[in-house]
Amino acid sequence: MTDISSQPQVFEAEASFGDYFALMKPRVMQLVVFTALVGMLAAPTGVNPVVGFASILFIAIGAGASGALNMWWDADIDHIMKRTANRPIPAGKVEPGEALSIGVALSGLSVMMLALSANFLAAGLLAFTIFFYAVVYSMWLKRSTPQNIVIGGAAGAFPPVIGWVVATGTMSVEAWLMFALIFVWTPPHFWALALFMKSDYDDAGVPMLTVTHGRKSTRKHILAYTVLLAVLAVGTAFTSIGGLIYLTTAVILNALFLKGAFAIWLRDEAQAEADSYAVEKSFFKLSLLYLFLHFGAIMAEALLRSSGLGGWGWL
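Structure below.
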């Protein structure tokens, strides 16, 4: 991490609640909460509503802790990149030391309280997830290898597993299928972003695939991962967490995703520049909807299953 004290920043006397909340990456937190909730509901055993609510709350706090630690460590490059320049630390709203203190305190609180409200395995997974995101990804992988987002994507893939473990106290194939869905989705999602963010990663010295292997190679990688993702996503329909609703959703979404990835693969930079990366931006937006709808379909199957109608058994 570069010493950001040399950056031309003037910190405000008092940061607002919104500044501290932004420090915890609320958009990422929403995804974490949603996928963890789906993992909990998809589990074969029910959860006491109070335990379930408390567990989701502490998982959310853990996600916020990870975000704060990431922003503390990445403040130097966030200052350089246009996409992140307005984050609380580079914008001069929150001091780095405050972000570190908040991240450490919330990490300890979330893990301890999840252990008390749910079980020690779920708490251990949450602790590992925070460590993986803050240390393995942020401090090591992100600035050392073009595989940063591939390996680092595991951090964002653990929440449904944690939710499943909250409900069952154990791990299973179904939980890891949900993990794999997020894990394989992450690279094409972020590589599409890297394509149209252009020089951000170059300027910051982050070895994203677009920087180290070029944009043509990145387009090939997006297509390859999307094909793998489609096989995984559709195949999940035929497991105990799938069903007709999920299968229909997966087939439609993956057909659209494959079409978008193929269009990206066919393009060169001249074509992309000519329409301001419209295809890449459209693919990125679809990728956000893609994950939400897949997990929404898993949730719908779980809710129907609880009433005796979900899955394939009713056919």
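The sequence shown runs 1 to 315 under full-length UniProt numbering.
We treat Cβ as the ideally placed atom computed from N, Cα and C, and that holds for glycine.
Check	Outcome
Give the C-beta separation of Ala237 and Ala250 to the nearest angstrom, bearing in mind that I take them to be a contact with Cβ-Cβ under 8 Å.	6 Å
On the criterion of 16 or more Cβ atoms from any shown chain inside 10 Å, does Val135 qualify as buried, or is it exposed?	exposed
Answer yes or no: do Leu291 and Trp185 have a C-beta to C-beta separation smaller than 8 Å?	yes
Candidates His79, Pro49, Trp73 and Leu247: which alpha carbon is nearest His294's?	Leu247
Residues in its own chain within less than 7 Å of Arg215 by CB, not counting five upstream and five downstream?	Leu195 and Glu269
Answer yes or no: do Ala36 and Ile59 have a C-beta to C-beta separation smaller than 8 Å?	yes
Name the residue from Gly235, Gly152, Gly52 and Leu114 whose alpha carbon lies nearest to the alpha carbon of Asn70.	Gly152
For Val94, which residues from the same chain have a beta carbon less than 7 Å from its beta carbon, with the 5 sequence-adjacent residues on both sides left out?	Ala15, Asp19, Tyr20, Leu23 and Pro88
Please determine if the region 131 to 151 and the region 194 to 213 are in contact, where contact requires at least 3 C-beta pairs separated by less than 8 Å.	yes
Determine the closest residue to Leu193 out of Ile222, Gly39 and Leu116, with distance taken between C-alpha atoms.	Ile222
Taking one C-beta from the region 166 to 183 and one from the region 225 to 243 each time, how about it: are there three or more such pairs within less than 8 Å?	yes
Within 10 angstroms of its Cβ, does Leu266 collect 16 or more other Cβ (buried), or is it exposed?	exposed
Run the CB neighbour count on Glu273, radius 10 Å, all protein chains shown included, and call it buried at 16 or more, exposed below.	exposed
Once you ignore the five residues that flank Ala230 on each side, which residues in its own chain have a CB closer than 6 Å to its CB?	Asn254 and Leu258
Output the distance between the C-alpha atoms of Ser110 and Ala297, rounded to the nearest integer angstrom.	28 Å
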